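Participant: My structure is below; once you've seen it, I'll send some questions.
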Amino acid sequence: MNGGPLQRIRVWDVPTRAFHWALAVAVVALVVTAKVGGNAMAWHFRLGYLVLALLAFRVLWGLVGGRWSRFSSFLYGPGSVRAYLRGEAGPQGRFDVGHSPLGALSVFALLAVLAAQVGTGLVADDEIANQGPLYRFVSGDTAAAATGWHAGYGQWIVISLVVLHVLAIAFYRLARRRDLLGPMLSGDKRLPAGTPPSADHAGTWGLAAVLLAACIGAAVWVASLGG
């Protein structure tokens, strides 16, 4: 990136920020309701359907969302990861605009693990009072394996990734003097003039609303399959 005076550039559009915070709250609530159990499991299922809708939305938004929210902006090869770790500039010097190579790996890992957690939850059976809506479509062995993963390794991997995410934010703030939290609240970063911004206006918000409504509808339909 060229040197020069810095200015506020819109990096994270409103839909991306709303997704981020909604997912954060939902995941924490999912862990809490799972630990509480009992009547809280009704909310655990509702939150699971919400996360399903949010993940589907993020996949779509990764294709048509704001410039720096699109997957194409943070799909890095091994060479870019090595360059970042060595402190070198990335293609056109843009490692620090959207997600860095390590940040991108964290994002993809968290999305993948959450997708696996939701997927296993949809076919899980705790053999007490709770079954996923797709339980009847799989064999008993598949349901048992999915339940074991969902309540065991999957849960702890999600918790571990969330903790690592928080620690990474703290590390960058304290050791690198880089604020990762502020831009996810305001949407803006101070960057060199000429850095291309993400589109963030009524048109993009309308598109996001339509996509989210479709994803919520799909999640409600999946929930209805449980009878």
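Here the sequence shown stands for residues 1 to 227, numbered as in UniProt numbering.
Think of the CB as a built atom: it goes at the ideal place given N, C-alpha and C, for glycine as much as any other residue.
Quick caveat: nothing in here was measured; it's all calculated off a predicted structure.
(1) Among the candidates ASP13, GLN7, LEU6, whose CA atom is the shortest distance from the CA of HIS201?
(2) Run through DSSP, which three-state label would LEU30 get?
(3) What residue does the alpha helix (DSSP H) around GLN131 start on, and which one ends it?
(4) With a threshold of 16 other CB atoms inside 10 Å of the CB of LEU54, please say whether the residue is buried or exposed.
(5) Where DSSP assigns a beta bridge to LEU191, which residues make up the other side?
(6) Inspect the beta-carbon positions of HIS165 and GLN117 and report whether they are closer than 8 Å.
(7) Leaving aside the five residues before and after MET41 along the sequence, list all residues of the same chain whose C-beta is less than 6 Å from its C-beta, in chain order.
(8) Could you please give the first and the last residue of the uninterrupted alpha helix (DSSP H) stretch that includes VAL162?
(9) My output table needs one value for ASP126: the three-state DSSP class, helix, strand or coil.
(10) Taking its Cβ as the centre, do 16 or more other Cβ atoms sit within 10 Å of GLY203, making it buried, or is it exposed?
(11) Taking only the alpha-carbon atoms, compute the straight-line gap between ALA124 and GLY140 and give it to the nearest angstrom.
(12) I'd like to know if the region 205-220 and the region 56-71 are in contact, where contact means that at least 3 CB-CB pairs between them fall below 8 Å.
(13) Return the Cβ separation of LEU114 and VAL51 in integer angstroms, given the expectation that the two are a contact with Cβ distance under 8 Å.
(14) For TRP205, which three-state DSSP category applies?
(15) From ASN39 to LEU75, what does the alpha carbon distance come to, in whole angstroms?
(16) Between the Cα of ALA143 and the Cα atoms of SER160, VAL158, ARG10, THR120, which residue gives the shortest distance?
(17) Do you know whose CA, among HIS99, ARG67, VAL36, lies nearest PRO80's CA?
(18) Quick one: what's got a C-beta closer than 6 Å to LEU111's C-beta in the same chain, skipping five residues either side?
(19) When you compare the CB positions of ALA30 and HIS44, do they come within less than 8 Å of one another, or not?
Facilitator: So, from the data block:
(1) ASP13
(2) In this structure, LEU30 counts as helix in the three-state DSSP scheme.
(3) No alpha helix (DSSP H) contains GLN131, which DSSP labels as neither H nor E.
(4) buried
(5) GLN7
(6) no
(7) ASN130
(8) 153-174
(9) coil
(10) exposed
(11) 10 Å
(12) yes
(13) 6 Å
(14) helix
(15) 42 Å
(16) THR120
(17) The sequence shown places Ser at residue 80, not Pro. Comparing Cα positions, the closest option is HIS99.
(18) Nothing meets the Cβ criterion.
(19) Strictly speaking, residue 30 in this sequence is Leu, with Ala absent from that position. Closer than 8 Å, so yes.
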